[in-house]
Each structure stands twice: as C-alpha cells, then as structure tokens.
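Scroll down for the structure; my scribbles are underneath it.
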Amino acid sequence: MSRPVLLIEIGAGPLPQVTPAARAAASWAPPPPAAAEISPPTDVEVKPGVESITISWQASPLAGATYVVWRAPDVGGAPGAWRIVTRTTDTRYTYTDASGAISWWKVTVVVNGVSSGDSSQNPVLPVIPPTTAELIEIQRDIDKEKVDRFNADAAESRKRADAVAELANLVALEAAARTEGLIEQAEALNKEVRDRTEALLNERLAWQAGVSQEAATRESEVESLAYALSQVTAGSGTQFDSRSIWYFNADAEGWTGNGTPSVVDGWLRPADATSFPYIQSPLGLGIDGTAYRFVKLRVKRKGSPVWAGRLQWITQASPIWNEGRSAVAAEPLWDPMGVATLDFQDIPWWPEQIHAIRLQVGAAQDAENYFLLDWVAVGRPTPGAGVAFVQEQTSALVLADLAEASKRESLAAQLRGDYEGTDPAGVTVGLYAAERDARVTADQANARATEVLQARMPAGQGTLATEASVSQESQARADGDSANAEAIRSVQARMPDGDGKVASVQALESVSARVEDTEDGLRAVGERVTSMTAQLEGNHAGDEDTFSGDLDVFAGSKSVYTVIAEGDLAQAEAVERLDASVGQFKAATTTQLQAMATDVSAQARRIDVVQVELDGKASAQALSQLKSSVEQNADGIEAVAESLQGVRVDLDGKASAQVVQGMEARVVQAEGGVAQVLAKAFLHLIADGGSGPLVGGMELGNNGNVVSLRFLTNSMEIVAPNGAAEGMEWRNGYLRVWKGAAQRIIGPGFGANGDNLIDYFGPNVGAAAASKTNAMMWMDANGSAYFGGQLSAGILRNAVQTTTTQTIGTELVNGPFATNGRVRTVTVSFTRRHGRVQTTLGPSGFVAGAGQNTARVDVYRKIGNNAETLWQVLNVGGSVNINNEPDGSDLAVSNWGGSFTVNDTSPSSETMQYRAVISGFTAQDVTHTSGTFQQQTITQSLSMISIEM
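Per my numbering, the very first residue in the sequence shown carries number 62; after that it's consecutive.
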C-alpha cells in the first residue's frame, strides 16, 4: 500500500523551482564543542644533585593527566631548542646529567590529548662530583678535624680538672675566710674584755691601796633597778695616762701642717719649710684642759736642724692661733741615735676644752736637716709600779616590757717595773674576766656569757716573751620568728726564743645553730668550724741572702661542717683543709664532701686535692672528683654518675705535664621510654716542653647503638710474651706486624726516603729499612703497586665502570696501575637502553623512523710517562623493538650494545693506563602516532676491565 508523502523544507530560503529539491544544510546543526582550557603545572622546582637533576611540581586536579618534561640547553643565558625528556604520571622526575653544563627545564600537562601551556622555565647546573684530588683534600680535612676534636676534648678535660682544683681552692679560701672571721671575732672579744680591765688598771694606778663598795636601788611605777659594785685595788709608782695618742704607724692619722707631712717608716716628717715647719692635729679633740695638761712626744733628729720647740692650741670658742695660747720647750738631750723624749708639762690651758694643737720642733727643715716624730700623746702622769685589781659588778633591771640582769667579774694583776708606757703588752700581766648578761623583752630573749683567761710575761727591754690566752663566748637568742645559739672557744700560746724567732699555736672552735621562719617557710642551719695552727717565724725568714736561714715553719688545719634543712632542700657539707710549709716549700690537701636533696633531684659530690709547691719554681697537684646526681622533671628522669681524676706538674712556666682521666654514665628516660644512654671514658695526656702542648690518649664511648674507640698516639706496641719473635705495633701512623723473618706494614710515614710507601710485605728488617727493592709486595701513595711473589690461581684485576646517561664525551679511566709485564686481557663494553611507554588505549602506536642506533668508543693507552695514544676502537650497533597493543600500553625500546676483548702484549715494568671515551652516537627516530607518550627510561653502562694472569 502506497502512501503519499509530503516533504516540507523549513528554512529561510524559497523552495526551488525544480522538485524534488536538493536538501540544504540545516542552520540548526550543533557546533563542535570548544576545547577545554588546561592550566600548566605550578610550583615547579628544579634541584641539582650529584650528576643528576630532580624536577618536581604540583599535581593537576584533572583526571587522567599526563606530564611532559622538557629540557633545553642554555644559549647565552636563555633556553635553546626544547626537547621532550619524558612523559610521566608522577609529579617528580630525576634526570642523570654529568655534563656539568646549565640546562633549562619546564613541564606541561596533557589531558585527553590536549596540552596545557608551559610552566615556569627554570635553569639549573648539576652538581659536579669532586675530583680525586678534591676527595683527598676532603679526607685530609676530616682526619684533621678528628685530631682537632681530640685536642679540643683534651683541652676541655684539662679545663674541667683545673676548674675542680680552682673550686677546691675557693672552698678552702671560704673555709679560711670563715675561720679568720671567727678568729677576728674571738680576738675582738678578747681585746674588748682585756682593754676594759686594763683601762681600769691604768685608771687606778694612782691608788696605793683602796677598797670601794657601791650599792644602789631604785623603784618607780615602771622601773625596778638594783646595782652593786665592789672593787679592791692595790698599786704603787707613777705612769703616764694618755688621753689621746698618735703612733703614725701607717699614715699621718689626720695630722696636717705647713705643707703636707709624710710618714717614713712609722715616723711623721713635717714638710720642708724655710720657717715655721709646724704640724697640726685633727680638729675636735675635745680634751679637758683641767684634767690633762701634759703633752709627750718622741723626736728624732736628722742632720743639724735648728731647734725651736713650741706648742700652740685653740678652742672652739677661740679658734684663732696666737702667741697667747702657746708654750715653749728647751732642746732635749739626744741619745747616740739622735732620739729624745720631749715633755710639755703643766700647760696653762685649763679650764678650756682643747679643740686642736700645733707642734713645732725646728726653726726650718730641708732635705738634709729635719726632725721626725715617732708618736705624740696628750695625757697626765699617774703613779704605778705594780697593780692588783679585783672588780665585781652586778646589776638587775626590770621595766614594763624589759627584764635584764648582768654580772661582770674581773681579776687582774700587773707588774710594771720601770716601764712608764700605757701599753699593757709591755708589762707582766695576769688577767681573768667573766661577763654574763640575760635580757628579756616583750618579743625577744637573749643570754650571753663571756670568759677570758690571759697571762703575759715580758723579757729584756719590755719585748713580749710569752703569752697564753683562753677566751670563750656563748650566746643564745630567741624571738618571735627565729632562735639562734652560738659558742666560740679560742686558745692561743706564743713564745719567742730571744734570738728573733717566735713560736705560736692557736686553736679555735665554733658551733652555731639557727632556726628561723622565713618567707619561704621554716629553715634550720647548723655549722661547726674548727681551726688549729702552729707557726715558727724565723728572724731572717724571707731574706734573699744565701746564708739567711731561719725559715718560717707553718702547719694548720681547718674544717667546716654545715647542715641546712628547709621546705624543699636538705644539704650537708664538710670541708677539710691541711696546710704545711717550711720556707718556700708548701704542701696542702683539701677535701670537700657534699650531699644535697630537693623535691626534684638528689646530688652527691666528693672532691680531693693534694698539692705541693716550691714557691715560684715548681708545683705539683693531684685531684679527684666523684659526682652522682638524679633529677626528675617534666621531660623525664635523668641519672648521671661522673668520675674525674687528674695529676699535673709545672716547672716555673717552662714545662708542664698533665694526665686527666674520667668516666661518665648517663641515662635519660622520657615519658615514652628510654631516650638516651651514654657511657664514656677518656684518658688524656698533655705534655708541654716549652714549644706548645702535645696531646695524646684515648676516648671510649657507647651510646647503646655504637661503641667507638679512638686513640691519639705516635706509637702503640703489643709484644708477645716470647719477646721480639712476634708482635704488633702502631707507631707514627702506621701498623707493623711481624713474626719470625717476615713483616707487614700498613700506613704512612715509614720506609726508605722517596719510596712513599703505604703498604709493605717483606723481610723483617724493621720499618725504617723497608723499601721497594727488598719488598715481596708494596703499594705507594701515588697509586702504584707491585707483587713479586707467587700467586696460586691468582690474577691482577683492575676494573672501572660509569653509568651516566650522557653519551658523547663520557669517559672513564682505568689506572694508572702497576703491572708484572705479562699479557693483560682488556675488555671494553658499552650498553644503552631507551624505553618509551604510551599508556593511552587505542589504535595508534609507536613507529620507527629514519636513522640507526650506533655508537663509537675510542680506547687510549698510556705506558708510564709516555704520551697517550689511540689503541682500540669499539663500534657499537643496536636496534628498535616496538610492541603496540590496542587494548594495552604501547612499548618501544631502543637498544645499543657492543664489546671487545683484546690481549695487550706490550711488555712493561712501568704503570699502565687505559681511557675509554664515547666519541660518536646516533639514534633511530621513534615516534607515536598519537603525538606523545607518557613514560621514558634511559640506562647506560660503559665499563673496562684489565686482567693480568
């Protein structure tokens, strides 16, 4: 059945005249899709390596992205022609490049056959590996660094030993300072009581015999007081009681004058003047002119000065110097030494308060004629030749917030003879004094007891002959936030022998305890100090005369014990020091013990130092330190134990020798487990003969992973028990092993001059006589070697290889090496493989193009120092293997390969060297019909082997 069909053309134009009309192209056909825009890779980094270049970039977010790596040579600082190096789906590629030339790199992205624009273009220079000479220099630097490090370790250990010795000295000085402080305190106490009693003696010498008693009581609303004083005194004779006295031992003691006076060996010398060379006392004397009307002075005459003795004075009310307030004195009689004592008696200055005085003894003074003053005293005469004195004083006082009781007892006796001075050290004295005080206030209680025993006996012209004393002070104090108790006891004895020598002994002991409430909490401290010294002072000690003799002799011991306890600290420490010296020879020992614990750590330490010295000429010391500690903190636990010992000898700064050895064990444990362990020991020997320190020794370490042992020495010998028949030694950097008639030596610094040996095997002639002429086998530092014995199934083999992918210009050198002159079999081979992979599926594939795979390798030979010549040529061929898979990856592999083996029959007793260089290279073109491929790999090997049977 047929049906009529009506065709209607829908379009802009009119219907054609002829029907049926030809179909026109429709204007509504869809346009082809626009190509997608693909961004180039970002963050492209090019990093050089040793004979390589690594390129990396950020991955593209598009699926199925393939990256194309491009390379271009550098042409005048800009990239030349770009060539594809590889296609890959990775974001990193390493290219082997041994050219040493700058190259340019970029990366593009290909997705579904559409390529992106170029990434940034980056130039790079591959790292050229160091040459053999540079490697040798680097190794020398490394070896030197090892020696420098060993020397630095030795210097550090020496500093540690010196620091320990210095610490011991500081501890000893601190102990000595504490002892000296206590001695000064005891002497001050002794002097205070002695001066107090002697003042009473001097004050009462005017009495022939006397007894006095005094009692007093007083009461009021807020006060109750009782006081009693009794004393008995007997005395006879007169003496001078000084109100003010100046000795000028070290300085002018405030005296001025007509020009500045000076002190010469304890004598005051008025300034030179043509007239009125007076000296003037300090202002503010405050002397009662009614009670003290005598001025005494001891004067020495030098040359022939003119006498003019005059005394002047002023008061605060009348501060003007004038003749109305003056007195004159006639010239005294001078002894053979030109010394005299001058008296100004019954001076008419009463009843005024004397403010200052002026003294003139000469009419003029110059450098040749002048006067000197030994001392000046203002006072009064008092009788006395012998005195005995007993005093007892008791007082009690109660106030509203104070209670106090005290008792003072003094017994003293003097025998003065014809001595007229005021210094009790010049007379025979016996003294006992005791004082006790108790005082209580609203917030404090204090009690103190003091006792002094003293006896002195003068001899000759008043020179001190013997002296003995015992002093003791005890004190207890308590208040609202502290309590303190202290006791000091001092014993002294001293005696001269009449010829200028003096022997003395002193012993001191102090014990203190203190408890206090501080801002940080309660604190308790205890301390005990003991000191004993014995000394013999020679009359000529210190003189430089060869026959001076009379050496100073000294022996002493000091010990300090301290304990401390407070909120988070407990500490105990003991220091002991012994000293002995005779003249310039001195010896000392110091020991310090310390134990300390806190809330996070514990530590114990012991230091022992013994040292001797010949003053300014030689010294020697030995020390030892033991230290252990454990600490826990936020990072974990650390435990450390250390031991350090050292001995040292010095000779007047000209030579020294020192040995320091130590051990250390350390463990650090973190929260996650053991983080660090370390055990090490060292022995450092340092000797300096005047040309600088020479260091040797050994260091041994173990960190739980590696055990290391280092020696720094010029020689080390290991000798077998059977004597010289066999043994081993390390000496001057080389190792020598010997047995019977044979020896082997390895290392530098031995053998005949000019042989430059580093390895030797031959007769046992010793290291110095080893040479190439008597060796069975040798190697030298130039790279040459020789074997002159017999080999069983042995060969001489020398081989080299390079795997760089650079073609033309790549070379390798075999040699120079020693030969026995026999036939050498030389094998040279070259292989190269270039693989390409296209992972996109489809009918396209790899296609081999024009050209062929070939290579040429030129082999050069050099004998001894002769010129290098072309010896052999290796021509290499190759092929291309293609495997295209429509449903798999396409593969194309280009191969090059070839080798030859040649017998080199040239006889030679000199060194040989072969050099192979790639001088020609071609490759057959390989392309993919799709225009690109994704992966590429290149491998290459050039090798050369020389075998001498």
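For glycine and all other residues, C-beta sits at the position ideal for the given N, C-alpha and C.
Could you please give the first and the last residue of the uninterrupted beta strand (DSSP E) stretch that includes residue i?
i: A428; result: Element bounds for A428: n/a, residue is neither H nor E.
i: Q996; result: Q996 to E1009
i: N956; result: D951 to D965
i: F848; result: A846 to F848
i: D385; result: Checking the sequence shown, residue 385 turns out to be Gly, not Asp. Per DSSP, G385 belongs to no beta strand (DSSP E) and is neither H nor E.
i: K800; result: Y795 to K800
i: I806; result: A803 to I807
i: F405; result: V400 to F405
i: Q655; result: F646 to T659
i: L630; result: L630 to V643
i: P877; result: E872 to F878
i: G707; result: G697 to L712
i: S551; result: S543 to P557
i: R792; result: E787 to R792
i: S980; result: M973 to T983
In three-state DSSP terms, what is residue i?
i: K923; result: strand
i: D676; result: coil
i: V208; result: helix
i: D306; result: It is Ile, not Asp, that sits at residue 306 in the sequence shown. In the structure shown, I306 sits in a strand (DSSP, three-state: E or B).
i: N944; result: strand
i: A836; result: coil
i: T607; result: Per-residue confidence for T607 stands at a pLDDT of 42, beneath the threshold of 50, marking its modelled position as unreliable; no derived number is given.
i: I340; result: strand
i: H601; result: Caution is warranted here: a pLDDT of 48 is assigned to H601, below 50, making its placement in the model unreliable, and the coordinate value is therefore given only provisionally. Coil at H601, not helix or strand.
i: A731; result: strand
i: T888; result: strand
i: I145; result: strand
i: S218; result: helix
i: R59; result: Because the chain in this structure spans residues 62 to 1010, residue 59 falls outside the shown range and cannot be described.
i: D581; result: coil
i: D223; result: helix
i: L358; result: strand
i: E241; result: helix
i: N843; result: coil
i: L492; result: strand
Report the residue from the options whose alpha carbon sits nearest the alpha carbon of residue i.
i: V884; options: T1000, S1007, F907 and W957; result: S1007
i: G912; options: G903, W368, G939 and L234; result: G939
i: S180; options: V188, N173 and V168; result: V168
i: T990; options: R638, V908, E929 and S685; result: V908
i: S662; options: Q682, A635 and D629; result: D629
i: A133; options: Y156, D498 and Q119; result: Y156
i: N835; options: F822, D841, Y493 and N843; result: F822
i: S704; options: E534, A417, A695 and L687; result: L687
i: N430; options: H416, R362 and P393; result: R362
i: V590; options: S565, S551 and M398; result: S551
i: L492; options: F743, D613, K678 and A529; result: A529
i: Q719; options: W131, D135, A748 and Y847; result: A748
i: T623; options: E512, A585 and A803; result: A585
i: D965; options: V566, V887 and A352; result: V887
i: A984; options: G844, Q996, N173 and G910; result: G910
i: K715; options: K562, N183 and S680; result: S680
i: Q730; options: A695, D711, M724 and D713; result: A695
Checking the sheet assignment: what are the DSSP bridge partners for residue i?
i: L743; result: It is Phe, not Leu, that sits at residue 743 in the sequence shown. Note: F743 sits in a beta bridge opposite G723 and E760.
i: W165; result: A133 and P184
i: S769; result: G762
i: T155; result: T115
Cβ of residue i less than 9 Å from any chain D Cβ?
i: A425; result: Absent from the structure: chain D. Only one protein chain is present.
Exercise for review: Would you check if the region 133-143 and the region 210-221 touch, i.e. whether three or more CB-CB distances between them fall below 8 Å?
Suggested key: With a cut-off of 8 Å, the region 133-143 and the region 210-221 do not count as touching, because too few Cβ pairs lie within range.
Review point. For the 8 Å Cβ check, are there 3 or more pairs between the region 354-374 and the region 419-434?
Key: Three or more pairs of CB atoms, one per stretch, sit closer than 8 Å, so the region 354-374 contacts the region 419-434.
Check your understanding: Counting Cβ pairs, one atom from each stretch, are 3 or more of them under 8 Å apart for the region 951-961 and the region 871-882?
Key -> The region 951-961 and the region 871-882 do not touch, with fewer than 3 CB-CB distances between them shorter than 8 Å.
Review point. Do the region 961-971 and the region 823-831 touch if we need at least three Cβ pairs shorter than 8 Å?
Key: Verdict: no, contact absent.
**Study point:** Contact between the region 337-351 and the region 313-324 (3+ Cβ pairs under 8 Å)
**Key:** Segment contact: the region 337-351 against the region 313-324, three or more CB-CB distances shorter than 8 Å; contact assigned.
Exercise for review: Examine the Cβ distances between the region 374-381 and the region 325-339 and report whether three or more of them are shorter than 8 Å.
Suggested key: In short, these stretches do not touch, since the Cβ pair count stays below three.
Review point. Contact between the region 327-337 and the region 399-410: three or more CB pairs below 8 Å?
Key: Flag = no, the region 327-337 and the region 399-410 do not touch.
Practice item. Could you tell me whether the region 799-817 touches the region 928-942, where touching means 3 or more Cβ pairs closer than 8 Å? Key: Counting Cβ pairs under 8 Å, fewer than three are found: no touch.
Review point. Can at least three beta-carbon pairs, one atom from the region 913-925 and one from the region 974-981, be found at a separation below 8 Å?
Key: As far as the Cβ criterion goes, the region 913-925 touches the region 974-981, which means the pair count is three or higher.
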